[in-house]
Amino acid sequence: MASGEEIELRQPGASVKVTEGLLPLWRGNTYRNTCKTEIVLDAYLPYQRRQCYYAWSDCGRQLAARTAHDILGIAHDTMKGMPKGSIRTRLSLRLANQKLEDKNELLDTSIDLSARLLTMTDVGRLRYAVCRRNVLPWNEGSLQELLKVHFNQPVILDHDVKLEKAFNVHSFRRITGFEVDWTDNLADHLQLDEDNRRLAIFHHASFLKCQQSAALPTA
Numbered sequence: 333m334a335s336g337e338e339i340e341l342r343q344p345g346a347s348v349k350v351t352e353g354l355l356p357l358w359r360g361n362t363y364r365n366t367c368k369t370e371i372v373l374d375a376y377l378p379y380q381r382r383q384c385y386y387a388w389s390d391c392g393r394q395l396a397a398r399t400a401h402d403i404l405g406i407a408h409d410t411m412k413g414m415p416k417g418s419i420r421t422r423l424s425l426r427l428a429n430q431k432l433e434d435k436n437e438l439l440d441t442s443i444d445l446s447a448r449l450l451t452m453t454d455v456g457r458l459r460y461a462v463c464r465r466n467v468l469p470w471n472e473g474s475l476q477e478l479l480k481v482h483f484n485q486p487v488i489l490d491h492d493v494k495l496e497k498a499f500n501v502h503s504f505r506r507i508t509g510f511e512v513d514w515t516d517n518l519a520d521h522l523q524l525d526e527d528n529r530r531l532a533i534f535h536h537a538s539f540l541k542c543q544q545s546a547a548l549p550t551a
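In our numbering, each residue's number is its place in the sequence shown (first place is 1) plus 332.
Written as structure tokens, this is what we have:
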């Protein structure tokens, strides 16, 4: 059995190991935070296991970083605001003993997987993952810069909008005739599919309540 740090992503216990390692990164330098760890784990673990399953398909041959320790190391570098190229270089040095074909592609897949687990946002393309509406390609610069560009786009309305005080999903369906797609990809939140009359809503409030760090933009 591999040690705790070197447990492979496909092994039992890896999901909890990765998630517990990410919690301090989400909370930043302060633990003055009302989020309940158990609630976050219950909501987040299925997402995390699914992403790791996609990445591990083809017997893990699409990954350079295959352990919980590796993924958390990438997450720490990402939270420092390092450009993707620098993270790739550091990861390559850490895994220098591995003989890898298509090395850069495997390194990028590992970095993108870590970014997904860190932010619940579809960053990069995992070969066997289900395609969502929005997949954010991360080719250069820091993850924070990438997310800021996507999430801080201004919304311009040509008229005032007044909503009833008790406006909720049921009100939205009744007023608009649109259906709601619950999504675990934050990049899809409030994306409107007018052709199919559907609105995507990110539904992991417990994950967002834990975000006290600079991983995600504040506005």
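Cβ atoms here follow ideal geometry from the backbone N, Cα and C, with glycine treated the same way.
message = If the criterion is Cβ atoms closer than 8 Å, does the pair leucine 354 and leucine 445 meet it?
response = One-based indexing of the sequence shown puts residue 354 at position 22. One-based indexing of the sequence shown puts residue 445 at position 113. No, these two residues do not count as a Cβ contact at 8 Å.
inquiry  = For glutamine 485, count the other beta carbons within 10 Å of its own beta carbon; 16 or more makes it buried, fewer makes it exposed. Which is it?
reply    = If you number the sequence shown from 1, residue 485 lands on position 153. Exposed: under 16 other Cβ atoms inside 10 Å.
Valine 455 versus valine 467: straight-line alpha-carbon distance, rounded = Numbered from 1 along the sequence shown, position 123 holds the residue referred to as residue 455. Numbered from 1 along the sequence shown, position 135 holds the residue referred to as residue 467. Annotation: valine 455 to valine 467 spans about 6 Å, alpha carbon to alpha carbon.
message = Which residue wins for smallest C-alpha separation from alanine 407, given the options Arg393, Lys431, Glu352 and Arg459?
response = Here residue 407 is taken as the residue at index 75 of the sequence shown, counted from 1. If we check each option's Cα against that of alanine 407, Glu352 comes out closest.
ask   = In the DSSP assignment, what are the bridge partners of aspartate 513?
value = As a working mapping, residue 513 is identified with position 181 in the sequence shown. Aspartate 513 pairs with Ala532.
query = Between the C-alpha atoms of lysine 349 and phenylalanine 504, what's the straight-line distance to the nearest angstrom?
reply = Counting from 1 along the sequence shown, the entry for residue 349 is found at position 17. Counting from 1 along the sequence shown, the entry for residue 504 is found at position 172. About 39 Å.
ask   = threonine 451 to phenylalanine 510, Cα distance in whole Å?
value = The sequence position of residue 451 within the sequence shown is 119, counting from 1. The sequence position of residue 510 within the sequence shown is 178, counting from 1. Cα to Cα, the separation comes out at about 27 Å.
request  = Could you name the residues that DSSP lists as bridge partners for glutamate 352?
outcome  = As a working note, residue 352 is residue 20 in the sequence shown. Per DSSP, none; premise fails for glutamate 352.
message = Within a Cβ cutoff of 6 Å, which residues of the same chain sit near cysteine 384, ignoring the five residues on either side of it in sequence?
response = Within the sequence shown, numbered from 1, the residue matching residue 384 stands at position 52. Answer for cysteine 384: Leu341, listed in chain order.
message = Classify glycine 336: buried if its beta carbon has 16 or more other beta carbons within 10 angstroms, exposed otherwise.
response = Within the sequence shown, the letter at position 4 stands for residue 336. Model confidence at glycine 336 stands at a pLDDT of 44, short of 50, so the residue's coordinates are unreliable; what they give is reported in the following sentence. By the 10 Å Cβ count, glycine 336 comes out exposed.
message = Run through the DSSP bridge pairs and tell me what threonine 399 is partnered with.
response = For this step, residue 399 is matched to residue 67 along the sequence shown. Threonine 399 pairs with Glu340.
inquiry  = With H, G and I counted as helix, E and B as strand and the rest as coil, what does DSSP make of aspartate 525?
reply    = Locating residue 525 in the sequence shown gives position 193, where the first residue counts as 1. In the structure shown, aspartate 525 sits in a strand (DSSP, three-state: E or B).
ask   = How big is the Cα-Cα spacing for arginine 529 and glutamate 338?
value = Taking the sequence shown and counting its residues from 1, one reaches residue 529 at position 197. Taking the sequence shown and counting its residues from 1, one reaches residue 338 at position 6. Those two C-alpha atoms are separated by around 46 Å.
request  = Can you grab the Cα-Cα spacing for the pair arginine 422 / asparagine 436, in whole Å?
outcome  = Taking the sequence shown and counting its residues from 1, one reaches residue 422 at position 90. Taking the sequence shown and counting its residues from 1, one reaches residue 436 at position 104. Distance between the alpha carbons of arginine 422 and asparagine 436 is about 12 Å.
inquiry  = Using 8 Å as the threshold, is the C-beta distance between alanine 400 and leucine 427 below it?
reply    = Taking the first residue of the sequence shown as position 1, residue 400 is located at position 68. Taking the first residue of the sequence shown as position 1, residue 427 is located at position 95. In this structure, leucine 427 does not lie closer than 8 Å to alanine 400 by Cβ.
key: Alpha-carbon to alpha-carbon, isoleucine 443 and leucine 395   = Taking the first residue of the sequence shown as 1, we reach residue 395 at position 63. Taking the first residue of the sequence shown as 1, we reach residue 443 at position 111. About 9 Å.
query = Do histidine 521 and alanine 537 come within 8 Å of each other at the CB atom, strictly closer than that value?
reply = Translated into the one-based positions of the sequence shown, residue 537 becomes position 205. Translated into the one-based positions of the sequence shown, residue 521 becomes position 189. Histidine 521 sits away from alanine 537, with the two beta carbons spaced by 8 Å or more.
inquiry  = Can you give me the C-alpha to C-alpha distance between leucine 439 and aspartate 527, rounded to a whole angstrom?
reply    = As a position in the sequence shown, residue 439 is number 107, starting the count at 1. As a position in the sequence shown, residue 527 is number 195, starting the count at 1. A straight line joining the alpha-carbon of leucine 439 with that of aspartate 527 spans about 37 Å.
query = In chain order, what residues of the same chain have a beta carbon less than 6 Å from the beta carbon of serine 347, not counting five sequence neighbours either side?
reply = Within the sequence shown, numbered from 1, the residue matching residue 347 stands at position 15. So the qualifying residues of the chain are Leu377, Gln380 and Arg381.
Outcome for aspartate 390 when other beta-carbon atoms lying within 10 angstroms are tallied against a minimum of 16 = Position 58 of the sequence shown, counted from the first residue, corresponds to residue 390. Aspartate 390 comes out exposed.
Assigned secondary structure, valine 481 (DSSP; H/G/I helix, E/B strand, else coil) = The residue given as residue 481 occupies position 149 in the sequence shown. Under the three-state reduction of DSSP output, valine 481 falls in the helix class.
message = For glutamine 430, count the other beta carbons within 10 Å of its own beta carbon; 16 or more makes it buried, fewer makes it exposed. Which is it?
response = Here residue 430 refers to the residue found at position 98 of the sequence shown. Exposed, since its Cβ has fewer than 16 Cβ neighbours within 10 Å.
key: Residue interval of the alpha helix (DSSP H) (run including aspartate 440)   = Taking the sequence shown and counting its residues from 1, one reaches residue 440 at position 108. Element bounds for aspartate 440: 435-451.
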